[in-house]
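Single-structure report; data block below.
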Amino acid sequence: MRITLLLPLCLFLVTGCHHAPRNVLGKPPRGPQYSILSIKAGTTPPQVCLRGVMIEKCPVAGCWFRLRDSTGVIKVDTKAAGFVVVNVPVQQTLTVAGKVALDGDDVVIQASGIRY
Numbered sequence: 000m001r002i003t004l005l006l007p008l009c010l011f012l013v014t015g016c017h018h019a020p021r022n023v024l025g026k027p028p029r030g031p032q033y034s035i036l037s038i039k040a041g042t043t044p045p046q047v048c049l050r051g052v053m054i055e056k057c058p059v060a061g062c063w064f065r066l067r068d069s070t071g072v073i074k075v076d077t078k079a080a081g082f083v084v085v086n087v088p089v090q091q092t093l094t095v096a097g098k099v100a101l102d103g104d105d106v107v108i109q110a111s112g113i114r115y
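For the sequence shown, numbering that gives the first Met the number 0 begins at 0 and goes up steadily by one.
Structure representation (structure tokens):
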């Protein structure tokens with residue numbers, strides 16, 4: 000009798016507390032998150048994390064994408080990190096970790112990892 004009561008309770012606890020798996024490409028992003036505005040203003044450390052929505056990506060190889068948060072849009076380059084975002088859907092919310100860099104006059108992020 001106890002087993003018949005305990006078994007469903009244990010199954011409920013195991014499945015009820017289960018979190019949906021997150022997909023990670025590259026190194027898992029960790030650390031405080033910064034806004035795109037603060038990154039472009041130059042008030043952040045060189046290594047940053049940020050969160051936003053992918054609004055565009057490289058149509059050929061998925062080697063870059065544009066990320067939007069409530070403060071702006073920034074280009075994120077994934078080539079040096081060794082992963083691409085071909086299978087990540089546009090309009091997906093992402094957390095990105097990477098290094099702030101310049102591409103001509105534009106501030107960009109050289110990604111080290113993303114979570115979606």
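Ideal Cβ positions, reconstructed from N, Cα and C, are used throughout, including at glycine.
Predicted, not measured: the structure shown is a model, and the values here were computed from it.
Where residue i sits in the DSSP three-state scheme
| i | result |
| --- | --- |
| residue 111 | strand |
| residue 96 | strand |
| residue 74 | strand |
| residue 56 | strand |
Buried or exposed (CB count within 10 angstroms, at least 16 for buried), residue i
| i | result |
| --- | --- |
| residue 73 | buried |
| residue 47 | buried |
| residue 51 | buried |
Spatially closest choice to residue i from the options, by CA coordinates
| i | options | result |
| --- | --- | --- |
| residue 98 | 90, 107, 22 | 107 |
Beta-carbon proximity list for residue i, same chain, < 6 Å, skipping 5 on both sides
| i | result |
| --- | --- |
| residue 109 | 76, 79, 97, 98, 100 |
| residue 37 | 43 |
Strand pairing of residue i, partner residues [DSSP]
| i | result |
| --- | --- |
| residue 36 | Bridge partners of residue 36: none, in fact. |
| residue 62 | In DSSP, residue 62 forms no bridge with anything. |
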